[in-house]
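Engineer:
Residue numbers (our numbering): 3 to 279.
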(Lines of atoms letter the chains of each structure in order from A and count residues from 1; the text may use other names and numbers.)
(Lines give C-alpha, C1' and ligand atoms only; values in the text may rest on other atoms or scores of the structure.)
Protein backbone atom coordinates (compact mmCIF):
# COMPACT_ATOMS: atom_id res chain seq x y z
CA UNK A 1 0.00 0.00 0.00
CA UNK A 2 1.26 3.46 -0.89
CA UNK A 3 0.49 6.17 1.69
CA UNK A 4 0.95 9.77 0.63
CA UNK A 5 1.33 12.84 2.82
CA UNK A 6 0.66 16.34 1.55
CA UNK A 7 2.43 18.48 4.13
CA UNK A 8 5.24 17.32 6.42
CA UNK A 9 5.01 19.84 9.22
CA UNK A 10 4.36 18.96 12.85
CA UNK A 11 1.50 16.48 12.44
CA UNK A 12 2.46 15.24 8.99
CA UNK A 13 6.00 14.36 10.03
CA UNK A 14 4.73 12.83 13.27
CA UNK A 15 2.42 10.48 11.34
CA UNK A 16 5.19 9.60 8.89
CA UNK A 17 7.49 8.75 11.78
CA UNK A 18 4.78 6.60 13.37
CA UNK A 19 4.07 4.66 10.19
CA UNK A 20 7.70 3.99 9.30
CA UNK A 21 8.32 2.73 12.84
CA UNK A 22 5.14 0.65 13.00
CA UNK A 23 4.61 -3.04 12.31
CA UNK A 24 3.35 -2.03 8.85
CA UNK A 25 6.67 -0.52 7.80
CA UNK A 26 7.55 -3.47 5.54
CA UNK A 27 4.11 -3.46 3.90
CA UNK A 28 3.75 0.20 2.99
CA UNK A 29 5.52 2.79 0.88
CA UNK A 30 5.37 6.30 2.33
CA UNK A 31 5.29 9.17 -0.16
CA UNK A 32 5.49 12.82 0.90
CA UNK A 33 5.67 16.38 -0.37
CA UNK A 34 6.14 19.82 1.12
CA UNK A 35 6.58 23.26 -0.41
CA UNK A 36 9.84 23.56 1.56
CA UNK A 37 12.69 21.57 -0.09
CA UNK A 38 14.66 21.86 3.16
CA UNK A 39 11.95 20.06 5.14
CA UNK A 40 11.77 17.30 2.56
CA UNK A 41 15.53 16.89 2.63
CA UNK A 42 15.48 16.65 6.43
CA UNK A 43 12.68 14.10 6.26
CA UNK A 44 14.46 11.87 3.77
CA UNK A 45 17.72 12.12 5.72
CA UNK A 46 15.91 10.83 8.78
CA UNK A 47 13.79 8.28 6.91
CA UNK A 48 15.56 7.21 3.68
CA UNK A 49 12.74 4.81 2.86
CA UNK A 50 10.33 7.72 2.33
CA UNK A 51 9.78 8.69 -1.31
CA UNK A 52 9.69 12.47 -1.71
CA UNK A 53 7.74 14.28 -4.42
CA UNK A 54 7.99 17.83 -5.68
CA UNK A 55 4.26 18.53 -5.85
CA UNK A 56 0.99 17.55 -4.23
CA UNK A 57 -0.26 16.31 -7.59
CA UNK A 58 2.70 13.97 -7.91
CA UNK A 59 2.14 12.70 -4.38
CA UNK A 60 -1.51 11.94 -5.11
CA UNK A 61 -0.67 10.11 -8.31
CA UNK A 62 1.89 7.94 -6.47
CA UNK A 63 -0.44 7.04 -3.58
CA UNK A 64 -3.39 4.82 -2.73
CA UNK A 65 -4.25 6.58 0.53
CA UNK A 66 -3.65 10.34 0.73
CA UNK A 67 -3.30 12.18 4.04
CA UNK A 68 -3.91 15.91 3.83
CA UNK A 69 -1.71 17.43 6.57
CA UNK A 70 -1.71 21.15 5.85
CA UNK A 71 -2.72 24.25 7.76
CA UNK A 72 -6.49 24.87 8.07
CA UNK A 73 -6.43 27.88 5.80
CA UNK A 74 -4.55 25.97 3.10
CA UNK A 75 -6.72 22.86 3.08
CA UNK A 76 -9.55 24.04 0.79
CA UNK A 77 -7.17 25.26 -1.88
CA UNK A 78 -5.06 22.13 -1.82
CA UNK A 79 -8.16 19.96 -2.20
CA UNK A 80 -9.13 21.98 -5.27
CA UNK A 81 -5.57 21.77 -6.54
CA UNK A 82 -5.33 17.97 -6.42
CA UNK A 83 -8.94 17.08 -7.26
CA UNK A 84 -8.23 16.52 -11.00
CA UNK A 85 -5.65 13.90 -10.02
CA UNK A 86 -7.83 11.98 -7.57
CA UNK A 87 -9.05 8.57 -8.75
CA UNK A 88 -12.24 6.88 -7.63
CA UNK A 89 -10.21 4.17 -5.91
CA UNK A 90 -8.26 6.69 -3.81
CA UNK A 91 -8.84 7.05 -0.09
CA UNK A 92 -8.51 10.74 0.83
CA UNK A 93 -7.98 11.44 4.53
CA UNK A 94 -7.90 14.92 6.03
CA UNK A 95 -6.44 15.54 9.48
CA UNK A 96 -8.01 19.02 9.46
CA UNK A 97 -11.09 19.41 11.62
CA UNK A 98 -12.37 22.46 9.76
CA UNK A 99 -13.04 20.85 6.38
CA UNK A 100 -16.29 18.89 6.52
CA UNK A 101 -16.71 15.43 5.06
CA UNK A 102 -19.53 16.65 2.84
CA UNK A 103 -17.29 19.40 1.47
CA UNK A 104 -14.63 16.88 0.51
CA UNK A 105 -17.21 14.56 -1.05
CA UNK A 106 -18.57 17.45 -3.11
CA UNK A 107 -15.13 18.08 -4.60
CA UNK A 108 -13.59 14.62 -4.80
CA UNK A 109 -14.78 11.44 -6.57
CA UNK A 110 -13.22 9.06 -4.04
CA UNK A 111 -13.81 7.73 -0.56
CA UNK A 112 -13.03 10.29 2.15
CA UNK A 113 -12.42 10.30 5.88
CA UNK A 114 -11.30 12.65 8.61
CA UNK A 115 -8.73 11.59 11.17
CA UNK A 116 -7.60 13.61 14.15
CA UNK A 117 -4.26 12.29 15.41
CA UNK A 118 -2.44 12.93 18.68
CA UNK A 119 1.17 13.47 19.63
CA UNK A 120 0.89 10.13 21.44
CA UNK A 121 1.23 8.42 18.08
CA UNK A 122 4.96 9.13 18.34
CA UNK A 123 4.90 6.31 20.92
CA UNK A 124 2.54 4.23 18.71
CA UNK A 125 -0.10 4.79 21.37
CA UNK A 126 -3.09 6.94 22.19
CA UNK A 127 -6.24 7.59 20.17
CA UNK A 128 -6.91 8.70 16.63
CA UNK A 129 -10.43 9.97 16.07
CA UNK A 130 -12.01 8.69 12.86
CA UNK A 131 -14.97 10.01 10.87
CA UNK A 132 -16.03 8.18 7.72
CA UNK A 133 -17.61 9.67 4.62
CA UNK A 134 -20.92 8.49 3.18
CA UNK A 135 -19.29 6.70 0.24
CA UNK A 136 -17.41 4.24 2.41
CA UNK A 137 -18.49 0.64 2.84
CA UNK A 138 -17.94 -1.48 5.94
CA UNK A 139 -14.90 -2.96 4.20
CA UNK A 140 -13.55 0.51 3.40
CA UNK A 141 -13.92 1.60 7.00
CA UNK A 142 -12.16 -1.51 8.21
CA UNK A 143 -9.32 -0.76 5.79
CA UNK A 144 -8.57 2.70 7.14
CA UNK A 145 -9.11 1.70 10.77
CA UNK A 146 -6.75 -1.26 10.36
CA UNK A 147 -4.15 1.11 8.96
CA UNK A 148 -4.49 3.40 11.96
CA UNK A 149 -4.38 0.48 14.41
CA UNK A 150 -0.69 0.12 13.58
CA UNK A 151 0.03 3.45 15.26
CA UNK A 152 -2.85 4.04 17.69
CA UNK A 153 -6.28 3.04 18.90
CA UNK A 154 -8.76 4.35 16.30
CA UNK A 155 -12.11 5.41 17.73
CA UNK A 156 -14.99 6.33 15.42
CA UNK A 157 -16.89 9.46 16.43
CA UNK A 158 -19.61 11.63 14.91
CA UNK A 159 -18.39 14.72 13.10
CA UNK A 160 -20.65 16.86 15.30
CA UNK A 161 -18.79 15.57 18.38
CA UNK A 162 -15.34 16.19 16.99
CA UNK A 163 -14.50 19.35 18.94
CA UNK A 164 -15.02 17.96 22.41
CA UNK A 165 -13.55 14.56 21.53
CA UNK A 166 -10.39 16.10 20.11
CA UNK A 167 -10.02 18.21 23.25
CA UNK A 168 -9.75 14.94 25.16
CA UNK A 169 -7.63 12.87 22.78
CA UNK A 170 -5.53 15.40 20.86
CA UNK A 171 -5.31 18.52 23.04
CA UNK A 172 -5.53 16.47 26.23
CA UNK A 173 -1.85 15.47 26.38
CA UNK A 174 -0.85 19.16 26.53
CA UNK A 175 -3.53 19.98 29.11
CA UNK A 176 -2.43 17.14 31.37
CA UNK A 177 1.26 17.93 30.81
CA UNK A 178 0.63 21.44 32.16
CA UNK A 179 -0.89 19.98 35.33
CA UNK A 180 1.84 17.36 35.75
CA UNK A 181 4.59 19.91 35.20
CA UNK A 182 3.12 22.15 37.89
CA UNK A 183 2.82 19.15 40.25
CA UNK A 184 6.51 18.40 39.81
CA UNK A 185 7.53 22.03 40.23
CA UNK A 186 5.50 22.29 43.45
CA UNK A 187 7.48 19.33 44.82
CA UNK A 188 10.69 21.18 43.98
CA UNK A 189 9.47 24.38 45.67
CA UNK A 190 7.91 22.79 48.73
CA UNK A 191 10.06 19.69 49.17
CA UNK A 192 13.41 20.95 47.98
CA UNK A 193 14.08 17.90 45.80
CA UNK A 194 15.98 18.21 42.48
CA UNK A 195 13.91 19.03 39.39
CA UNK A 196 15.06 15.92 37.53
CA UNK A 197 13.96 13.69 40.42
CA UNK A 198 10.55 15.36 40.62
CA UNK A 199 10.07 15.05 36.85
CA UNK A 200 11.11 11.38 36.88
CA UNK A 201 8.71 10.51 39.70
CA UNK A 202 5.78 12.24 38.00
CA UNK A 203 6.54 10.72 34.59
CA UNK A 204 6.79 7.17 35.90
CA UNK A 205 3.73 7.65 38.09
CA UNK A 206 1.81 8.78 34.98
CA UNK A 207 3.00 5.75 33.04
CA UNK A 208 1.88 3.42 35.82
CA UNK A 209 -1.49 5.14 36.14
CA UNK A 210 -2.03 4.85 32.40
CA UNK A 211 -1.40 1.12 32.54
CA UNK A 212 -3.82 0.69 35.44
CA UNK A 213 -6.54 2.48 33.49
CA UNK A 214 -5.92 0.87 30.10
CA UNK A 215 -4.42 -2.55 30.79
CA UNK A 216 -5.65 -3.51 34.25
CA UNK A 217 -9.27 -2.44 33.89
CA UNK A 218 -9.24 0.21 36.61
CA UNK A 219 -11.77 3.04 36.46
CA UNK A 220 -10.86 6.53 37.69
CA UNK A 221 -13.00 5.94 40.77
CA UNK A 222 -11.14 2.68 41.49
CA UNK A 223 -7.81 4.47 41.62
CA UNK A 224 -9.18 7.21 43.86
CA UNK A 225 -10.80 4.68 46.20
CA UNK A 226 -7.76 2.41 46.40
CA UNK A 227 -5.26 5.20 47.09
CA UNK A 228 -7.38 7.56 49.16
CA UNK A 229 -7.97 6.09 52.64
CA UNK A 230 -10.65 8.05 54.54
CA UNK A 231 -8.93 10.50 56.84
CA UNK A 232 -5.54 9.78 55.28
CA UNK A 233 -2.98 11.99 53.59
CA UNK A 234 -4.28 11.44 50.05
CA UNK A 235 -7.83 12.22 51.14
CA UNK A 236 -6.68 15.52 52.62
CA UNK A 237 -4.85 16.34 49.41
CA UNK A 238 -7.98 15.64 47.36
CA UNK A 239 -9.91 18.07 49.58
CA UNK A 240 -7.45 20.76 48.50
CA UNK A 241 -7.88 19.88 44.81
CA UNK A 242 -11.65 19.66 44.61
CA UNK A 243 -12.58 23.35 45.14
CA UNK A 244 -9.93 24.50 42.68
CA UNK A 245 -10.88 21.90 40.05
CA UNK A 246 -14.62 22.53 40.19
CA UNK A 247 -15.70 23.86 36.79
CA UNK A 248 -12.16 24.40 35.49
CA UNK A 249 -12.45 21.85 32.70
CA UNK A 250 -15.92 23.10 31.80
CA UNK A 251 -14.36 26.52 31.34
CA UNK A 252 -11.54 24.98 29.30
CA UNK A 253 -13.97 23.20 26.94
CA UNK A 254 -16.09 26.33 26.51
CA UNK A 255 -12.93 28.29 25.62
CA UNK A 256 -11.67 25.78 23.07
CA UNK A 257 -15.09 25.55 21.46
CA UNK A 258 -15.32 29.33 21.17
CA UNK A 259 -11.82 29.51 19.71
CA UNK A 260 -12.62 26.83 17.14
CA UNK A 261 -15.88 28.46 16.07
CA UNK A 262 -14.14 31.79 15.65
CA UNK A 263 -11.53 30.37 13.25
CA UNK A 264 -13.46 28.47 10.61
CA UNK A 265 -11.59 27.78 7.41
CA UNK A 266 -12.50 29.56 4.18
CA UNK A 267 -15.01 27.86 1.83
CA UNK A 268 -13.54 25.16 -0.37
CA UNK A 269 -13.92 27.25 -3.51
CA UNK A 270 -10.93 29.37 -2.49
CA UNK A 271 -7.82 28.46 -4.47
CA UNK A 272 -4.37 28.27 -2.91
CA UNK A 273 -1.24 27.02 -4.55
CA UNK A 274 1.17 26.49 -1.64
CA UNK A 275 0.93 23.75 0.93
CA UNK A 276 2.67 23.12 4.19
CA UNK A 277 1.73 22.23 7.72
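Glycine included, each C-beta is placed from N, C-alpha and C at the ideal position.
1. When we look at the beta-carbon of residue 128 and count the other beta-carbons within 10 Å, is it buried (16 or more) or exposed?
2. Decide if the region 33-51 is in contact with the region 77-94; the criterion is three or more beta carbon pairs, one per stretch, under 8 Å apart.
3. Determine the direct distance from the alpha carbon of residue 196 to that of residue 162, and round the result to whole angstroms.
4. What span of residues does the beta strand (DSSP E) with residue 34 cover, start to end?
5. Going by Cα to Cα distance, which pick from 11, 13, 4, 48 is closest to residue 28?
6. Assuming the contact rule is C-beta atoms closer than 8 Å, residue 33 and residue 53 should be a hit. Round their C-beta distance to whole Å, please.
7. Report all residues from its chain with a CB closer than 8 Å to the CB of residue 221; omit the five preceding and five following residues, and keep chain order.
8. Just grab the DSSP bridge partners of residue 187 for me.
9. Between the beta-carbon of residue 68 and the beta-carbon of residue 153, is there less than 9 Å?
10. What did DSSP end up calling residue 156 once you bin it into helix, strand or coil?
11. Whose CA, out of 108, 59, 109, lies closest to the CA of residue 87?
Structural biologist: Taking the geometry as given:
1. A residue is called buried when at least 16 other Cβ atoms come within 10 angstroms of its Cβ; residue 128 meets this threshold and is buried.
2. Proximity of the region 33-51 to the region 77-94 falls short of the contact definition, fewer than three beta-carbon pairs being nearer than 8 Å.
3. Rounded to the nearest angstrom, the two C-alpha atoms are 46 Å apart.
4. Here the beta strand (DSSP E) through residue 34 covers 31-35.
5. Ranked by Cα distance from residue 28, the options 11, 13, 4, 48 are led by 4.
6. 5 Å
7. 215
8. Its beta-bridge partners do not exist; DSSP assigns none.
9. no
10. Under the three-state reduction of DSSP, residue 156 is assigned to strand.
11. 59
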